[in-house]
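Q: As they're listed, the protein sequences go chains A and B.
Residue numbers for the first sequence follow the numbering used here, beginning at 13 and rising by one.
Residue numbers for the second sequence follow the numbering used here, beginning at 2 and rising by one.
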Amino acid sequence: QKEVEQDPGPLSVPEGAIVSLNCTYSNSAFQYFMWYRQYSRKGPELLMYTYSSGNKEDGRFTAQVDKSSKYISLFIRDSQPSDSATYLCAPDQGAQKLVFGQGTRLTINP
Amino acid sequence: DAGITQSPRHKVTETGTPVTLRCHQTENHRYMYWYRQDPGHGLRLIHYSYGVKDTDKGEVSDGYSVSRSKTEDFLLTLESATSSQTSVYFCAIWDNGHPYEQYFGPGTRLTVT
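(1) Using 8 angstroms as the limit for Cβ to Cβ distance, is Gln103 (chain B) near chain A?
(2) Is the stretch 22-42 of chain B close to the stretch 62-77 of chain B, with three or more CB pairs under 8 angstroms?
(3) Quick check on the burial criterion: 16 or more other C-beta atoms within 10 angstroms. Buried or exposed for Ile30 (chain A)?
(4) Any Cβ of chain A within less than 8 angstroms of the Cβ of Pro19 (chain B)?
(5) So within the stretch 60-109 of chain A, which uninterrupted beta strand (DSSP E) runs reach at least 3 residues, ignoring any that extend past its ends?
(6) With a threshold of 16 other CB atoms inside 10 Å of the CB of Asp104 (chain A), please say whether the residue is buried or exposed.
(7) So what's Gln50 (chain A) in DSSP terms, helix, strand or just coil?
(8) Please list the partners that Tyr32 (chain B) has in chain A, where partner means a Cβ-to-Cβ separation under 8 angstroms.
(9) Give the residues from the stretch 71-82 of chain B that approach chain A closer than 8 angstroms (Cβ to any Cβ), ordered along the chain.
(10) Would you please verify whether the beta carbon of Gly71 (chain A) is less than 8 angstroms from any beta carbon of chain B?
(11) How is the beta strand (DSSP E) around Asp115 (chain B) delimited, first residue to last?
(12) Short check: CB of Gly106 (chain A) to CB of Val16 (chain A), under 8 angstroms?
(13) Please list, in chain order, the chain B residues whose beta carbon lies closer than 8 angstroms to that of Gln114 (chain A).
(14) For the 8 angstroms Cβ check, are there 3 or more pairs between the stretch 53-72 of chain B and the stretch 87-94 of chain B?
(15) Excluding the five sequence neighbours on either side, which residues of its own chain have a C-beta within less than 7 angstroms of the C-beta of Leu79 (chain B), listed in chain order?
(16) Restricting to Cα atoms, I'd like to know which of B:Thr56, B:Glu15, B:Leu44 and B:Ile5 is closest to Gln26 (chain B).
(17) Count the CB pairs spanning the stretch 73-81 of chain A and the stretch 37-47 of chain A that are closer than 8 angstroms, and state whether there are at least three.
(18) Compare the C-beta of Pro56 (chain A) against all C-beta atoms of chain B and say whether one is closer than 8 angstroms.
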């Protein structure tokens with residue numbers, strides 16, 4: 013079993029929809045949880061991160077961690093075509109290393 | 002932009018030939034990483050470095066070696082390329098000023114025929 017599991021999609025939704033992206037993980041020692049966004053043929057960029065359990069909001073994006081169920085979520089409100097990208101969850105493994113999920117490919121249709 | 006460049010950006014090579022990919026950074030970051038990205042696998046760590054001449058293996062290090070003789074350069078070598086090493090390779094740095102952020106380079110697309 014991989015340490016981090018993420019549904020690769022692809023996921024296609026209409027513009028303006030609420031999008032929910034999810035990961036599960038197995039290592040209860042993870043404390044920080046990152047979400048990266050990767051546009052086609054580009055390197056990943058950090059979108060946001062959360063610490064331990066709880067929510068963090070940044071504009072239209074909300075990251076949520078439930079450590080009791082080892083579940084990580086990213087919600088996108090009022091989705092835009094410019095949000096079309098691959099989204100990767102990445103818990104902090106410690107020792108300056110991250111472990112990445114497979115990534116979910118998201119398309120927002122105008 | 003963390004000042005990361007990768008060269009070459011694209012390469013086609015034949016099975017059995019050696020290949021070296023270069024990652025260059027301009028901001029004196031201590032930690033540097035090499036990942037490969039394949040469909041269905043996400044990003045997987047090949048090797049990483051925590052200083053000049055200090056390197057360690059990642060999850061998928063077989064068939065790869067690295068060297069770091071200067072802070073700014075981290076080289077990834079495929080000693081004898083195989084078709085299974087066809088992938089997109091990303092270099093990354095750990096940003097000293099933002100402790101939970103890795104910055105990625107633009108990637109190198111390698112095809113082994």
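For each residue, glycine too, the CB sits at the ideal point set by N, CA and C.
Predicted, not measured: the structure shown is a model, and the values here were computed from it.
A: Taking the definition as stated:
(1) In the second sequence, residue 103 (chain B) corresponds to position 102, counting from 1. Yes, contact with chain A.
(2) Short answer: they touch.
(3) For the purposes of this step, residue 30 (chain A) is taken as the residue at position 18 of the first sequence. The residue in question, Ile30 (chain A), is exposed, as its Cβ has fewer than 16 Cβ neighbours within 10 Å.
(4) By one-based count along the second sequence, residue 19 (chain B) stands at place 18. Cβ-Cβ to chain A under 8 angstroms: no for Pro19 (chain B).
(5) 66-70, 73-78, 83-88 and 97-106
(6) Stepping through the first sequence from its first residue, residue 104 (chain A) is reached at position 92. Only buried fits Asp104 (chain A), as 16 or more other CB atoms lie within 10 angstroms of its CB.
(7) Looking up residue 50 (chain A) in the first sequence gives position 38. Gln50 (chain A): strand per DSSP, three-state reduction.
(8) Against the second sequence, residue 32 (chain B) aligns to sequence position 31. What Tyr32 (chain B) touches in chain A: Gln108.
(9) none
(10) The residue labelled residue 71 (chain A) in the question sits at position 59 within the first sequence. No, because no Cβ of chain B sits closer than 8 angstroms to the Cβ of Gly71 (chain A).
(11) Here chain B comprises residues numbered 2 to 114, so residue 115 (chain B) is not present and cannot be evaluated.
(12) The residue you call residue 106 (chain A) lines up with position 94 of the first sequence. The residue you call residue 16 (chain A) lines up with position 4 of the first sequence. No, these two residues do not count as a Cβ contact at 8 angstroms.
(13) The residue given as residue 114 (chain A) occupies position 102 in the first sequence. Those are Gly41, His42 and Gly43, listed as they occur along chain B.
(14) no
(15) Taking the first residue of the second sequence as 1, we reach residue 79 (chain B) at position 78. Once the five neighbours on either side are set aside, the close Cβ partners of Leu79 (chain B) are Pro19, Val20, Gly64, Tyr65 and Gln86.
(16) For the purposes of this step, residue 26 (chain B) is taken as the residue at position 25 of the second sequence. When each option's Cα is compared against that of Gln26 (chain B), the closest is B:Ile5.
(17) Yes, since at least three Cβ pairs between the stretch 73-81 of chain A and the stretch 37-47 of chain A fall closer than 8 angstroms, the two stretches touch.
(18) As a working note, residue 56 (chain A) is residue 44 in the first sequence. Interface residue, yes.
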